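Undergrad: This is the structure I want to talk about, given as structure tokens.
In our numbering, the protein residues as written are 422 to 921.
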């Protein structure tokens, strides 16, 4: 921005200088040329009158002295001819006396009583000269002609000096303008840079260096003060929300657990006909617990600053496939890992395990007995893709589009889902620079595609999962093993309700 402001200031000043100095220099040059030509014309007329009197008095021996005297005083060259064009005096070449110049255009015109002015090249020196040729006449009789010529080099040199002075003056003005504009733009942009740094800090989750409010134009000072107040308030609100999520996670767990225990304690004292209603009530309590955990996990994920790190995707896939294989075998479903090793990717700590566990749990819920559940990995031009493919009933295009909406569940699914599994999966993937989409699998079923960012080198801190570790899922028709993974200090629920 400093460069653009500086260029704009200099451009405006340069255009103003050009608009002023070019006409000034042109008018001065034209004025000097006009004054020079007028002076030469005047002198040539005077010399022609003097020459006419001397020729008429038959005292032509006085003409060389007249020409030499004028040449000494003015620096010009004087050539005087008689009525036939014979040179009577030449201040520039005494040896040229007696030559006939009647054939030269300006002399011929003057002998016909017509004056002539213009520029020409000197035959001896090659320098440009301005000449004025006047007839020396008395009444109607032309006694001769006078040619007065002056070199234009001195005049043009003076004009060039004036142009140079104008250019130097313009350059000095531009330099002074540049210094002034640089100081002004820095004064303007300093608070803007401070605002930019403060906004970047706030975007990263901390606000330790607020912008100064006593530097720059008054408008920017007020903007900095307003930004500081807004950022401070937002930071306080986010901190309050984060604290609420942390406290609510513990405060809600105890009454829900107590409620479930009390409901289970009612079983021996209830009529057998009420056992079904009791089971439904316990199921609703479990679903409420999963929903609360999911909401808290989403809040944590969205409001916490996460830093992606290097994760060995191949090791994570192998570990999760080995962990889920026994539970898939209970449903007569086989888990297969295909594709060549793809190396490390970037993801937040524990996210890949959570993503794969959610997708596997939901795939097992819909996978019919005797089918195959595939974990496919491949490297593409856009990055690395992980496919979780089932052979279940599949989803329509509309259902696949709405599957990532919070609390949405496909019609006809079980009532124990909360509709938060896939939103959590997408949030975890995007936190590491990736994404998740659903596609129709070949031959039916759903192909969940997790796109991840590859790592070009093997340098950095790698996260390799410990064997047999999965998140603690709430009870569901597919019961994974018991373990714990913290995502931003919140328990993230499993995916038993992701696709349903």
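Beta carbons are placed, not taken as given, at the ideal position from N, Cα and C, and that holds for glycine. Here the structure is a predicted model, which is why all the values come from computation and not from measurement.
Determine which residues share a DSSP beta bridge with residue 874 and list them.
TA: Paired residues: 767.
Undergrad: Under the assumption that residue 872 contacts residue 804 (Cβ atoms under 8 Å), give the Cβ distance between them as a whole number of angstroms.
TA: At roughly 6 Å, the Cβ-Cβ gap stays under 8 Å, so residue 872 and residue 804 are in contact.
Undergrad: Where do the ends of the beta strand (DSSP E) carrying residue 542 lie?
TA: It spans 537-542 - the beta strand (DSSP E) in which residue 542 sits, taken as one unbroken run.
Undergrad: In angstroms with no decimal places, state the Cα-to-Cα distance between residue 463 and residue 582.
TA: So the two alpha carbons sit approximately 26 Å from each other.
Undergrad: How big is the Cα-Cα spacing for residue 446 and residue 497?
TA: Straight-line Cα distance between these residues: approximately 26 Å.
Undergrad: Return helix, strand or coil for residue 745, following the three-state DSSP convention.
TA: Residue state, collapsed to three classes: helix.
Undergrad: With H, G and I counted as helix, E and B as strand and the rest as coil, what does DSSP make of residue 554?
TA: Strand at residue 554.
Undergrad: Within 10 Å of its beta-carbon, does residue 698 have 16 or more other beta-carbons around it, so buried, or fewer, so exposed?
TA: Flag for residue 698 reads exposed.
Undergrad: Specify the secondary structure class of residue 762 as computed by DSSP and reduced to three states.
TA: Residue state, collapsed to three classes: coil.
Undergrad: In whole angstroms, what is the alpha-carbon distance linking residue 508 and residue 465?
TA: Spanning the two alpha carbons is a distance of roughly 16 Å.
Undergrad: Considering only the alpha carbon of each residue, which of 741, 673, 614, 680 lies closest to residue 417?
TA: Outside the shown range of the chain, which is 422 to 921, sits residue 417, and nothing can be said about it.
Undergrad: Pick helix, strand or coil for residue 512, following the three-state DSSP scheme.
TA: Note: residue 512 maps to coil in three-state DSSP.
Undergrad: According to DSSP, simplified to helix, strand and coil, what is residue 598?
TA: Three-state result, residue 598: helix.
Undergrad: Our contact map puts residue 633 next to residue 620 with C-beta atoms below 8 Å; I'd like the distance itself, whole angstroms only.
TA: Not really, about 14 Å apart at Cβ, beyond 8 Å.
Undergrad: For residue 825, is the classification buried or exposed, using 16 other Cβ atoms within 10 angstroms of its Cβ as the cut-off for buried?
TA: Residue 825 comes out buried.
Undergrad: Considering Cα atoms alone, identify which of 609, 575, 787, 870 is closest to residue 855.
TA: Of 609, 575, 787, 870, the residue nearest in Cα terms is 870.
Undergrad: Since residue 732 and residue 773 are thought to touch, with beta carbons under 8 Å apart, how far apart are those beta carbons, to the nearest angstrom?
TA: 6 Å between Cβ atoms; contact.
Undergrad: Taking buried to mean at least 16 other C-beta atoms within 10 Å of its own C-beta, is residue 668 buried or exposed?
TA: Residue 668 should be labelled exposed.
Undergrad: Identify which residue in 495, 652, 477, 442 has its Cα closest to the Cα of residue 585.
TA: Selected option, being the one with the closest Cα: 442.
Undergrad: What is the DSSP secondary structure of residue 434, reduced to helix, strand or coil?
TA: The answer is helix: DSSP assigns residue 434 an H, G or I state.
Undergrad: Go ahead and pull the three-state DSSP assignment for residue 448.
TA: Looking at residue 448 - three-state DSSP - the assignment turns out to be helix.
Undergrad: Taking the alpha-carbon of residue 489 as reference, which of 505, 475, 510 has the nearest alpha-carbon?
TA: Closest by alpha carbon: 510.
Undergrad: One question on the structure: do residue 476 and residue 557 come within less than 8 Å of each other, judged by their Cβ atoms?
TA: Closer than 8 Å, so yes.
Undergrad: With DSSP collapsed to three states, give me the class of residue 561.
TA: Residue 561: coil per DSSP, three-state reduction.
Undergrad: Can you check which of these residues, 852, 504, 827, is closest to residue 768 by C-alpha distance?
TA: The shortest Cα separation from residue 768 among 852, 504, 827 belongs to 852.
Undergrad: Please report the straight-line C-alpha distance between residue 900 and residue 656, rounded to a whole angstrom.
TA: Any answer about residue 900 is weak, because its pLDDT of 42 lies below 50 and its placement is not dependable; what the coordinates show is given next. Between residue 900 and residue 656, the C-alpha separation is close to 39 Å.
Undergrad: Contact between the stretch 752-759 and the stretch 784-801 is defined here as three or more beta-carbon pairs at a separation below 8 Å; is this criterion met?
TA: Segments in contact, yes.
Undergrad: List the whole-angstrom C-beta distance separating residue 610 from residue 801, where the pair is believed to meet the contact cut-off of C-beta under 8 Å.
TA: That pair is no contact at about 42 Å.
Undergrad: Taking the alpha carbon of residue 589 as the reference point, which residue from 435, 809, 740 has its own alpha carbon closest?
TA: Residue 435 is the option with its Cα nearest to residue 589.
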